[in-house]
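Structure first, then comments.
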Amino acid sequence: MGAGHSHSHSHAPAQGSHGRAFAIGVALNTVFVVVEASFGLLSGSMALVADAGHNLSDVLSLLIAWGASALSAKPANTRFTYGYKASSILAALANASLLLVALGAILFETVHRLFDPAPVEGGIMILVAGIGIVINTATALLFASGRKNDINIRGAFLHMAADALVSLGVVVAGLLILWTGQTLIDPITSLLIVGVIGWGTWDLLKDSVKMGLLAVPENIDEAEVRRFLCGREGVEAVHDLHIWPMSTTETALTAHLVMPAGHPGDGFLHDLAEELSHHFHIGHSTVQVETGSHAEHCVDCT
1 MGAGHSHSHS HAPAQGSHGR AFAIGVALNT VFVVVEASFG LLSGSMALVA DAGHNLSDVL
61 SLLIAWGASA LSAKPANTRF TYGYKASSIL AALANASLLL VALGAILFET VHRLFDPAPV
121 EGGIMILVAG IGIVINTATA LLFASGRKND INIRGAFLHM AADALVSLGV VVAGLLILWT
181 GQTLIDPITS LLIVGVIGWG TWDLLKDSVK MGLLAVPENI DEAEVRRFLC GREGVEAVHD
241 LHIWPMSTTE TALTAHLVMP AGHPGDGFLH DLAEELSHHF HIGHSTVQVE TGSHAEHCVD
301 CT
């Protein structure tokens with residue numbers, strides 16, 4: 001039995017390339033959290049306090065994502081042979097969990113306000129939330145370029161984009177309170193905020209848990225990859241095919257190809273790795289060639 005291995009490394013976006021965006025985002029949102037919470041308490045607006053609490057969780061989320069992004073760029077060593085790439089997956093999972101905790105706290109206080117409404121200054125709500133729209137939109141735009149390729153960056157982008165929409169909701173609530181004088185509008189708006197954020201958090205949590213469990217990435221069809229491998233000249237069977245995320249931006253593959261006619265040579269392995277990278281965005285592939293008869297658990301390509 002002959003064996004060969006192919007390795008390919010894709011040119012994925014640098015995970016540490018958003019450092020400046022993270023720094024600006026953290027600074028802007030930290031200042032805004034202090035301002036929003038202060039005015040929320042002074043005006044008696046639970047919607048503002050709820051939004052400030054969520055923005056605080058976003059600051060922590062940005063810090064976690066920033067740390068993971070920087071850590072992912074560190075080189076591999078003898079202990080961590082893949083480097084620290086998977087830290088971005090842990091960060092995405094931590095951020096989703098942090099959001100759920102924040103939502104629980106906000107929901108608890110909001111329900112209390114529903115049964116015991118307090119006076120609210122609609123004008124202050126409008127002013128502060130208007131500032132929030134500007135800050136959150138600007139921060140979201142900092143992460144717009146990387147949101148399609150990295151769930152860690154996508155999480156940061158979605159947090160900020162959702163916050164901009166939430167701030168818009170608070171502005172609308174403030175206008176309605178000024179118009180109608182109904183203070184119940186404030187906790188009702190807060191409930192809507194919790195619903196919007198919870199909806200977005202679910203997808204982030206679901207995707208990060210799947211990555212943590214090394215599931216095949218959503219953008220890759222395992223059956224299609226298997227058919228592709230079976231379609232290579234000389235391949236009679238494929239077994240031990242595994243596809244998993246190394247990080248939020250990189251995917252790895254290992255597979256055994258049964259090729260009874262003999263080992264096809266290094267050129268075959270190199271070309272195969274390049275095709276896997278090009279067609280499926282699998283940047284790190286390891287393929288073993290077996291020239292013997294079918295193994296017990298082989299999947300025949302015929």
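Residue 1 is where the sequence shown starts when you use the numbering used here, and the numbers rise one by one after that. Ideal placement from N, C-alpha and C gives every residue a C-beta, glycine not left out.
Practice problem: Have a look at the DSSP bridge pairing and note the partners of Gln-278. | Solution: The identity of residue 278 in the sequence shown is His, whereas the question assumes Gln. Per the DSSP secondary-structure output, His-278 pairs with nothing in a beta bridge.
Quiz item: Can you name the residues that DSSP bridges to Ala-255?
Solution: Residue pairing by DSSP places Ala-255 opposite Val-287 in a beta bridge.
Quiz item: Would His-263 pass as a contact of Thr-254 if the rule is Cβ separation under 7 Å?
Solution: Contact: no.
Exercise. Apply the 10 Å Cβ neighbour rule to Pro-119 and answer buried if 16 or more other Cβ atoms are within range, or exposed otherwise.
Key: Exposed: under 16 other Cβ atoms inside 10 Å.
Quiz item: Is Ile-243 helix, strand or coil by DSSP?
Solution: Looking at Ile-243 - three-state DSSP - the assignment turns out to be strand.
Exercise. Leaving out five residues on either side along the sequence, give the residues of the same chain with a beta carbon under 7 Å from the beta carbon of His-18.
Key: When the five nearest sequence neighbours on each side are left out, the beta carbons in the same chain lying within less than 7 Å of the beta carbon of His-18 are those of Ser-69, Phe-143, Gly-146, Ile-153, in order along the chain.
Quiz item: Within this structure, are the beta carbons of Leu-229 and Gly-200 separated by less than 7 Å?
Solution: Cβ distance not < 7 Å, so Leu-229 and Gly-200 don't count as in contact.
Quiz item: Where are the alpha helix (DSSP H) runs, 4 residues long or more, that stay fully inside the segment 15-87, in chain order?
Solution: Within the segment 15-87, the runs of alpha helix (DSSP H) that reach at least 4 residues and sit entirely inside it are, in chain order, 19-43, 46-72.
Quiz item: Mapping DSSP to helix, strand and coil, what is Ala-91?
Solution: Taken through DSSP and simplified to helix, strand or coil, Ala-91 comes out as helix.
Quiz item: Pick from Val-31, Ala-23, Leu-99, Arg-20: whose alpha carbon is nearest that of Ser-57?
Solution: The option with the nearest alpha carbon to Ser-57 is Leu-99.
Self-check item: DSSP bridge partner residues for Val-209 (one or two, in chain order)
Solution: In DSSP, Val-209 forms no bridge with anything.
Quiz item: Hey, which unbroken runs of the alpha helix (DSSP H) at 4 residues or more fall wholly within the segment 137-220?
Solution: Assignment of alpha helix (DSSP H) within the segment 137-220, counting only whole runs of 4 or more residues, yields 151-180, 185-212 in chain order.
Quiz item: Where does the unbroken alpha helix (DSSP H) through Arg-232 begin, and where does it stop?
Solution: Careful: Arg-232 lies outside any alpha helix (DSSP H) and carries neither H nor E.
Practice problem: Look at Ala-50 and Ile-193 and say whether their C-beta atoms are less than 7 Å apart. | Solution: Cβ distance < 7 Å, so Ala-50 and Ile-193 count as in contact.
Quiz item: Does DSSP put Ala-313 in a helix, in a strand, or in coil?
Solution: Since the displayed the chain opens at 1 and closes at 302, residue 313 lies outside it and no answer follows.
Quiz item: Does the distance from the C-beta atom of Phe-39 to that of Ile-124 stay below 7 Å?
Solution: Going by C-beta atoms, Phe-39 is nearer than 7 Å to Ile-124.
Self-check item: Selected residue, minimal CA-CA separation from Thr-249, among Asn-219, Val-101, Ala-27
Solution: Cα-wise, what sits closest to Thr-249 is Asn-219.
Quiz prompt | Of the listed residues Val-35, Phe-80, Gly-169, Gly-122, nearest to Gly-181 (C-alpha basis) | solution = If we check each option's Cα against that of Gly-181, Gly-122 comes out closest.
Quiz item: Do Thr-189 and Ala-173 come within 7 Å of each other at the CB atom, strictly closer than that value?
Solution: Closer than 7 Å, so yes.
Quiz item: Hey, would you say Ile-89 sits closer than 7 Å to Met-211, going by beta carbons?
Solution: Contact flag set, yes.
Practice problem: Go through its chain and collect everything with a Cβ distance to Ala-140's Cβ below 7 Å, but skip five positions before and after it. | Solution: Only residues of its own chain outside the window of five on either side were considered, and among them Phe-157, Met-160, Ala-161, Ala-164 have a CB closer than 7 Å to the CB of Ala-140, listed in chain order.
Self-check item: Cα-Cα separation, Thr-286 to Arg-20
Solution: In this structure, the straight-line span from the alpha carbon of Thr-286 to that of Arg-20 is close to 35 Å.
Self-check item: Nearest residue (CA-CA) to Gly-292, options Val-238, Asp-150, Leu-42, Ser-45
Solution: The residue with the shortest Cα to Cα distance from Gly-292 is Val-238.
Practice problem: State buried or exposed for Ala-96, treating a residue as buried only when at least 16 other CB atoms are found within 10 Å of its CB. | Solution: So Ala-96 ends up on the buried side.
Quiz prompt | Own chain partners of His-306 with C-beta closer than 8 Å, once the 5 adjacent residues on each side are dropped | solution = This structure cannot settle anything about residue 306, because the visible part of the chain is limited to 1 through 302.
Exercise. Please confirm whether Leu-269 and Val-235 have their CB atoms less than 7 Å apart.
Key: Not in contact: Leu-269 and Val-235 (Cβ atoms no closer than 7 Å).
Self-check item: Buried or exposed by the 16-neighbour rule on C-beta atoms within 10 Å, applied to Glu-36
Solution: Counting Cβ neighbours within 10 Å, Glu-36 comes out buried, since at least 16 surround it.
Quiz prompt | Short Cβ contact (7 Å threshold) for Tyr-82 with Met-246 | solution = Yes, the pair counts as a contact, with Cβ atoms nearer than the cut-off.
Quiz item: What separation, rounded to the nearest whole angstrom, lies between the Cα atoms of Ala-12 and Leu-42?
Solution: No answer about Ala-12 holds up, because its pLDDT of 45 lies below 50 and its placement is not dependable.
Quiz prompt | For His-263, the three-state DSSP class (helix, strand or coil) | solution = Residue state, collapsed to three classes: coil.
Self-check item: Cβ-based neighbour list, Ser-138, same chain, cut-off 8 Å, excluding 5 preceding and 5 following
Solution: It should be pointed out that residue 138 corresponds to Ala in this sequence rather than to Ser. If we look at Ala-138 and ignore the five residues flanking it on each side, its Cβ neighbours are Leu-28.
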